[in-house]
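A.B. asks:
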Amino acid sequence: MKPLWQWVLFGLLSLVAVSALAFKIFQPVQVVPRVRLAPSFHLITQDGESLTSEDLRGTVVLYDFLYTRCPAPCYDLNATMQEIQSRLDEVLPADVAIKFVTISFDPQHDTPEVLQAYAESLGADTSQWIFATAENPDLLKTILGAGFEVYYQPQEDGSFQFDPHFVLVDGWGIIRGEYRYETLTPNTDRILRHIGVLADEIDNSKGAAELAYEAAHLFLCYAP
Numbered sequence: 009m010k011p012l013w014q015w016v017l018f019g020l021l022s023l024v025a026v027s028a029l030a031f032k033i034f035q036p037v038q039v040v041p042r043v044r045l046a047p048s049f050h051l052i053t054q055d056g057e058s059l060t061s062e063d064l065r066g067t068v069v070l071y072d073f074l075y076t077r078c079p080a081p082c083y084d085l086n087a088t089m090q091e092i093q094s095r096l097d098e099v100l101p102a103d104v105a106i107k108f109v110t111i112s113f114d115p116q117h118d119t120p121e122v123l124q125a126y127a128e129s130l131g132a133d134t135s136q137w138i139f140a141t142a143e144n145p146d147l148l149k150t151i152l153g154a155g156f157e158v159y160y161q162p163q164e165d166g167s168f169q170f171d172p173h174f175v176l177v178d179g180w181g182i183i184r185g186e187y188r189y190e191t192l193t194p195n196t197d198r199i200l201r202h203i204g205v206l207a208d209e210i211d212n213s214k215g216a217a218e219l220a221y222e223a224a225h226l227f228l229c230y231a232p
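See the structure below:
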């Protein structure tokens, strides 16, 4: 006969396993994954002002990456960004801050003045939608490639070959979503849903509820 402590241990392990399975199946809480740390950076905005990764701490940020001479519709990057902004009230509580940052990987052409004109052509509210680049092309390529996994290659005609995508980063500087080749306007619903799930976690992950959110990460209860 097994000792009592072995039965107790078996019972506890069984309870944990059943609880984990139930949590995974019923998913009382959903999250978006913690992918990796976003890179640190120092950029210059359309106003000629400094923008660092630390300036954005405490704020949810949706990034995209392009160059201003990209022929329209340029993978719908701008149209999708505009639609997401116009529908934020569907998913975002008023107390969760969000900004949008478009980073140009063509700093030799996309100076602050060019970025400002580009923002104006889109009717962008630059207090919320920031356009930025770096003065050093080599440093920018390191930030985007090693940090955001954005890869681009200049072509002989002055255009760029690149993989279009959005990156969602939380207020702690952790990448929570990557939407590679998901930049067309039909992808808006999924990105908005993930922004809403992240906002719920920010708003509700306090006290005892924080354990539920950590369990959701542990058991990979990710929003589709």
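For the sequence shown, the positions run 9 to 232 when the numbering used here is used.
From the three backbone atoms N, C-alpha and C, an ideal C-beta is built for every residue, glycine too.
Nothing here was measured: the structure is a model prediction, and the numbers come from that model.
1. Alpha carbon to alpha carbon, how far is R42 from A224? Give it in angstroms, no decimals.
2. Measuring alpha carbon to alpha carbon, tell me which of D171, F139, P194 and G215 ends up nearest T119.
3. Would S112 pass as a contact of T141 if the rule is Cβ separation under 7 angstroms?
4. What are the start and end residues of each continuous beta strand (DSSP E) run of 3 or more residues lying completely inside the segment 155 to 223, in chain order?
5. Between A46 and I183, which are expected to be in contact by the criterion C-beta below 8 angstroms, what is the C-beta distance as a whole number of angstroms?
6. Let me know if P172 comes out buried or exposed under the rule of 16 or more other beta-carbons within 10 Å of its beta-carbon.
7. Counting Cβ pairs, one atom from each stretch, are 3 or more of them under 8 angstroms apart for the segment 214 to 228 and the segment 188 to 197?
8. Near G185, what residues of its chain come up, given a Cβ to Cβ distance below 6 angstroms and the 5 sequence neighbours on each side ignored?
9. Is the Cβ-Cβ distance between W137 and F156 less than 7 angstroms?
10. Nearest-angstrom Cα distance between A127 and Y221?
11. For L226 and G66, I'd like the C-alpha separation in whole angstroms.
12. Please return the same chain residues whose Cβ sits closer than 7 angstroms to the Cβ of Q116, not counting the five positions on each side in sequence.
13. Out of curiosity, what's the CA-to-CA distance linking Y75 and L219?
14. Could you tell me if Y160 is buried or exposed, where buried requires 16 or more neighbouring beta carbons within 10 angstroms of its beta carbon?
15. Does L228 pass the burial test, meaning 16 or more other C-beta atoms within 10 Å, or should it be called exposed?
16. Could you check whether D72 and F168 sit closer than 7 angstroms to each other, using their CB atoms as the reference points?
17. State yes or no: is the C-beta of S48 within less than 7 angstroms of the C-beta of S58?
18. Whose C-alpha, out of L148, G166 and D165, is nearest the C-alpha of V158?
19. Which residue comes first and which comes last in the alpha helix (DSSP H) that contains T88?
20. Could you compute how far the alpha carbon of P36 sits from the alpha carbon of S94?
21. Taking DSSP as the reference, what is the three-state secondary structure of A127?
C.D. replies: The structure says:
1. 11 angstroms
2. F139
3. Yes.
4. Runs found: 160 to 162, 168 to 170, 173 to 177 and 182 to 188.
5. Here A46 really is in contact with I183; their C-beta atoms are around 5 angstroms apart, less than 8 angstroms.
6. buried
7. no
8. V40, L176 and H202
9. no
10. A direct Cα-to-Cα measurement between A127 and Y221 gives close to 38 angstroms.
11. 23 angstroms
12. P145
13. 42 angstroms
14. buried
15. Exposed, by the Cβ-count rule.
16. No.
17. no
18. Checked all of L148, G166 and D165; the closest Cα to V158 is L148.
19. L85 to S94
20. 29 angstroms
21. helix
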